[in-house]
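Notes follow the structure.
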Amino acid sequence: MEDVAPQVLSRLNELGPAVSIDLNISVEAYFDTLTALIDRFCNKKGLSCIYISVTMPASTIRSALQSLEIGVDKLRFVDCISFATMESSAADDDHTVFVESPTMLEYIVLKMEYLFRKGKDQEFMVILDSVNSLAAHNEVRMLYEFMQVLMASVKSRGAYPVLLSMEGQMKPEVSEMLQLVCDQIVTLK
Amino acid sequence: MATAPGARFCTGMECIDRIVGGGFPAGGMITVSGPCGSGKTLFGMEYLIRGALAGQKGVYISTSHRPEKLRSFAPKLDYADDKLFESGKLVLKHIDDMGSGERADGKITKAESGAIIEDIASAIDEVKASRLVLDATNPLLIEMEGWVARSFLLSLSNLLFEKRCTGILISEGESLDSLEHAVSDGIVLLGTAVRRGDNYRVLEVIKMSGAAHSRAKYVMDMTSEGMLITPMLRGF
Chain A
1 MEDVAPQVLS RLNELGPAVS IDLNISVEAY FDTLTALIDR FCNKKGLSCI YISVTMPAST
61 IRSALQSLEI GVDKLRFVDC ISFATMESSA ADDDHTVFVE SPTMLEYIVL KMEYLFRKGK
121 DQEFMVILDS VNSLAAHNEV RMLYEFMQVL MASVKSRGAY PVLLSMEGQM KPEVSEMLQL
181 VCDQIVTLK
Chain B
190 MATAPGARFC TGMECIDRIV GGGFPAGGMI TVSGPCGSGK TLFGMEYLIR GALAGQKGVY
250 ISTSHRPEKL RSFAPKLDYA DDKLFESGKL VLKHIDDMGS GERADGKITK AESGAIIEDI
310 ASAIDEVKAS RLVLDATNPL LIEMEGWVAR SFLLSLSNLL FEKRCTGILI SEGESLDSLE
370 HAVSDGIVLL GTAVRRGDNY RVLEVIKMSG AAHSRAKYVM DMTSEGMLIT PMLRGF
């Protein structure tokens with residue numbers, strides 16, 4: 001496997017903000033991709049990042065990034081999974097907002113909007129991790145409608161919309177839906 | 190002084206202005222209805238605070254909790270500032286401090302309802318308020334005979350229009366056939382919806398005079414940055 005970071009960075013720099021991109025990655029490339037997105041792109045450009053976590057709790061991702069010595073000061077989480085596992089706590093930190101269930105798609109949009117408002121003068125990247133996990137909890141038609149609303153909202157803010165999807169784990173109808181909602185689908189080799 | 194026909198009164202609540210055609214009818218009386226815990230009081234508070242931040246003074250009249258309790262129980266709102274209360278841009282009052290308290294057979298008489306209206310008028314004048322919230326109407330109207338309640342609401346509607354003060358009546362309950370709905374210039378319904386076992390707080394604009402308002406159902410969230418809404422997904 002090639003280093004994914006240069007591929008991620010060149011695509012993002014080439015496309016610029018308000019262009020939705022799906023990064024189709026292997027499980028092995030997961031943390032390398034996150035490092036590229038958060039450390040080498042967001043932190044370097046001074047962007048704030050809204051990380052919508054559906055696969056792993058926000059605390060796990062944050063700990064992993066910190067252990068890689070990646071700055072997380074400008075990272076905000078919409079955690080859609082911890083509430084369902086009763087692991088969330090309002091006192092956890094003020095960088096995380098919780099959605100009670102990954103089926104409550106509208107609240108993902110609202111929590112993201114809330115974080116946009118909290119950082120009104122900042123520039124953002126929004127990462128959705130991952131399309132596969134959301135598809136496991138939601139019907140494709142619902143997911144399609146949600147993605148359209150989410151993408152429209154992110155683009156209208158001039159933010160960078162990035163979707164993560166796991167290679168080889170996608171149902172055909174979810175792949176078709178991604179073709180419709182994403183401006184670019186990039187399979188990282 | 191009359192208001193120009195069709196004039197809108199911008200609420201300052203971005204999401205609400207967007208779905209009610211730019212704002213409430215200026216000088217109008219809007220009913221915000223919903224069951225317990227649906228966010229009516231916060232809606233009313235945000236309406237007043239957004240106004241005060243824009244230099245429009247407001248009066249909040251409570252028919253249940255005393256002003257001190259209301260303030261101490263209010264959630265932390267990042268857009269609010271205690272100075273709005275201290276400077277008199279926002280005034281909290283209790284209905285028990287209005288009128289004489291006179292009752293006949295346990296009911297508010299026509300004369301007493303008139304006295305309450307006069308005191309509301311004085312409160313508006315005193316503050317030079319362009320916004321008013323009456324939270325909630327139910328405890329007050331339940332003490333009135335139907336015809337007195339109707340007359341009270343019509344007098345309040347006229348008063349708001351004459352004073353160019355745009356008011357919100359908060360009404361407890363989900364029914365839309367009560368008196369305040371009949372005489373209101375706009376109705377916003379807050380409530381809950383259940384989808385696949387998940388509970389959603391929802392908002393609908395049922396009526397808004399003189400505006401091509403949205404008829405969609407919105408999921409809402411009351412946050413420290415203010416009320417946020419997004420269209421409820423249909424999935425078809």
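Chains A and B, in that order, give the protein sequences.
Letter 42 of the first sequence, counting from 1, is numbered 42 in our numbering, and no numbers are missing.
Position in the second sequence (from 1) plus 189 gives the number in our numbering.
A virtual CB, placed ideally from N, CA and C, is assigned to each residue, including glycine.
Strictly below 8 angstroms CB to CB, what residues from chain A border Val408(B)? Indexing the second sequence from 1 puts residue 408(B) at position 219. Under the 8 angstroms cutoff, chain A gives Glu106, Tyr107, Leu110.
For Arg255(B), count the other beta carbons within 10 Å of its own beta carbon; 16 or more makes it buried, fewer makes it exposed. Which is it? For the purposes of this step, residue 255(B) is identified with residue 66 of the second sequence, where counting begins at 1. The residue in question, Arg255(B), is exposed, as its Cβ has fewer than 16 Cβ neighbours within 10 Å.
Looking only at its chain, what residues have a beta carbon closer than 7 angstroms to the beta carbon of Leu143(A), apart from the 5 residues adjacent to it on each side? On the first sequence, residue 143(A) is found 143 positions in, with the first residue counted as 1. The answer, listed in chain order, is Leu134, Ala135, Met177.
Backbone secondary structure at Cys199(B) - three-state DSSP: Position 10 of the second sequence holds residue 199(B). Cys199(B) falls in the coil class under three-state DSSP.
Run of the alpha helix (DSSP H) containing Asp308(B), from where it starts to where it stops: Sequence index remark: in the second sequence, residue 308(B) carries index 119 (1-based). That run of the alpha helix (DSSP H) goes 299–316.
Rounded to a whole number of angstroms, what is the C-alpha to C-alpha distance between Ile359(B) and Gln245(B)? Reading the second sequence from its first residue, position 170 is the one you call residue 359(B). Reading the second sequence from its first residue, position 56 is the one you call residue 245(B). Approximately 20 angstroms, taken between the alpha carbons.
Does the segment 250–265 of chain B come close enough to the segment 214–223 of chain B that 3 or more CB-CB pairs lie under 8 angstroms? no
Distance, Gly228(B) Cα to Met411(B) Cα: Numbered from 1 along the second sequence, position 222 holds the residue referred to as residue 411(B). Numbered from 1 along the second sequence, position 39 holds the residue referred to as residue 228(B). Cα to Cα, the separation comes out at about 7 angstroms.
Interface residues of chain B around Asp142(A) at Cβ under 7 angstroms? On the first sequence, position 142 is the one that residue 142(A) refers to. What sits at residue 142(A) in the sequence shown is Met, not Asp. The answer, in chain order, is Leu422, Gly424.
Cβ of Glu113(A) within 9 angstroms of any chain B Cβ: As a position in the first sequence, residue 113(A) is number 113, starting the count at 1. Judged by the 9 angstroms Cβ criterion, Glu113(A) is in contact with chain B.
Classify Asp271(B) as helix, strand or coil using the three-state DSSP reduction. Here residue 271(B) corresponds to residue number 82 of the second sequence, with the count starting at 1. Looking at Asp271(B) - three-state DSSP - the assignment turns out to be coil, as it is neither helix nor strand.
Cα-Cα, which of Val54(A), Pro57(A), Thr60(A), Gly71(A) is closest to Leu244(A)? Chain A is shown from 1 up to 189; residue 244(A) falls before or after that span and cannot be answered.
Beta carbon of Pro106(A), beta carbon of Leu422(B): below 9 angstroms? Position 106 of the first sequence, counting from 1, holds the residue named residue 106(A). Position 233 of the second sequence, counting from 1, holds the residue named residue 422(B). Correcting the residue type first, residue 106(A) is Glu in the shown sequence and not Pro. For Glu106(A) and Leu422(B), yes; Cβs fall inside 9 angstroms.
Helix, strand or coil, according to DSSP, for Gln7(A) in the structure here? As a working mapping, residue 7(A) is identified with position 7 in the first sequence. In the structure shown, Gln7(A) sits in a helix (DSSP, three-state: H, G or I).
Does Thr252(B) come within less than 9 angstroms of chain A when only Cβ atoms are used? The sequence position of residue 252(B) within the second sequence is 63, counting from 1. Chain A, which has no Cβ nearer than 9 angstroms to the Cβ of Thr252(B), makes this no.
Alpha carbon of Asp308(B) to alpha carbon of His283(B), nearest angstrom: Translated into positions along the second sequence, residue 308(B) becomes position 119. Translated into positions along the second sequence, residue 283(B) becomes position 94. Roughly 11 angstroms between the two C-alpha positions.
Contact criterion: CB-CB distance below 9 angstroms. Does Glu257(B) meet it with respect to chain A? In the second sequence, counting from the first residue as 1, residue 257(B) sits at position 68. Chain A, which has no Cβ nearer than 9 angstroms to the Cβ of Glu257(B), makes this no.
When DSSP builds the beta bridges, which residues end up paired with Arg384(B)? Reading the second sequence from its first residue, position 195 is the one you call residue 384(B). The partner list for Arg384(B) (beta bridge, DSSP) reads Asp387(B).
Terminal residues of the beta strand (DSSP E) in which Phe98(A) lies: Start at 1 with the first residue of the first sequence, and residue 98(A) comes out as number 98. Note, Phe98(A): beta strand (DSSP E), 96–98.
Given a cut-off of 9 angstroms, decide if Val162(A) and Asp3(A) are closer than it, judged by their beta-carbon atoms. For the purposes of this step, residue 3(A) is identified with residue 3 of the first sequence, where counting begins at 1. For the purposes of this step, residue 162(A) is identified with residue 162 of the first sequence, where counting begins at 1. No, Cβ-Cβ distance for Asp3(A) and Val162(A) is not below 9 angstroms.
Measure from the alpha carbon of Thr298(B) to the alpha carbon of each residue in Met333(B), His370(B), Gly386(B), Pro224(B), then state which is nearest. What you label residue 298(B) is simply residue 109 of the second sequence in a count that begins at 1. It is Met333(B).
Which chain A residues are close to Arg385(B), counting only those with a beta carbon under 8 angstroms from its beta carbon? Along the second sequence, one-based indexing puts residue 385(B) at 196. Going along chain A in sequence order, the residues near Arg385(B) (Cβ under 8 angstroms) are Thr103.
Using C-beta distances below 7 angstroms, list every residue in its chain close to Leu9(A), excluding the 5 sequence neighbours before and after it, in chain order. Here the question's residue 9(A) lines up with position 9 in the first sequence. Ala36, Arg40, Phe41.
Apart from the five residues just before and just after Cys182(A), which ones in its own chain have a Cβ nearer than 6 angstroms to its Cβ? Counting from 1 along the first sequence, the entry for residue 182(A) is found at position 182. So the list reads Ser20, Asp22, once near-sequence residues are dropped.
Whole-number beta carbon distance between Met112(A) and Cys49(A), since they are thought to touch under 8 angstroms: If you number the first sequence from 1, residue 49(A) lands on position 49. If you number the first sequence from 1, residue 112(A) lands on position 112. Going by Cβ atoms, the distance from Cys49(A) to Met112(A) rounds to 12 angstroms, so no, they are not a contact pair.
I'd like the span of the beta strand (DSSP E) that includes Arg260(B), first residue to last. Working through the second sequence from its first residue, we reach residue 260(B) at position 71. Careful: Arg260(B) lies outside any beta strand (DSSP E), inside the alpha helix (DSSP H) at 256–262.
Glu145(A) versus chain B: which residues are under 8 angstroms apart at the beta carbon? Residue numbering aside, residue 145(A) sits at position 145 when the first sequence is read from its first letter. Per Cβ cutoff of 8 angstroms: Leu422, Arg423, Gly424.
From which residue to which residue does the beta strand (DSSP E) around Gly356(B) run? The residue you call residue 356(B) lines up with position 167 of the second sequence. Its beta strand (DSSP E) spans residues 355–361.
For Glu393(B), which three-state DSSP category applies? Taking the first residue of the second sequence as position 1, residue 393(B) is located at position 204. Three-state result, Glu393(B): strand.
Beta-carbon proximity of Lys265(B) to Ala310(B), cut-off 9 angstroms: The residue given as residue 265(B) occupies position 76 in the second sequence. The residue given as residue 310(B) occupies position 121 in the second sequence. Against a cut-off of 9 angstroms, the Cβ pair of Ala310(B) and Lys265(B) comes out as no contact.
Is any non-hydrogen atom of the ligand NAP found closer than 8 angstroms to the C-beta of Lys272(B), if you look at the structure I gave you? The ligand content of the structure shown is nil, which means the ligand NAP is not present either.
Gly226(B): buried (16+ other C-beta within 10 angstroms of its C-beta) or exposed? Here residue 226(B) refers to the residue found at position 37 of the second sequence. The residue in question, Gly226(B), is exposed, as its Cβ has fewer than 16 Cβ neighbours within 10 Å.
Run down chain B in chain order and give the residues with a C-beta less than 7 angstroms from the C-beta of Glu28(A). Sequence index remark: in the first sequence, residue 28(A) carries index 28 (1-based). The contacting residues do not exist; Glu28(A) stays about 34 angstroms from chain B at best.
What are the boundary residues of the beta strand (DSSP E) that includes Val248(B)? Walking along the second sequence from the start, residue 248(B) turns up at place 59. Val248(B) -> beta strand (DSSP E) spans 247–251.
So, using beta-carbon positions, are Pro102(A) and Val27(A) closer together than 9 angstroms? The sequence position of residue 102(A) within the first sequence is 102, counting from 1. The sequence position of residue 27(A) within the first sequence is 27, counting from 1. It is not a contact, given that the beta carbons lie outside the stated cut-off.
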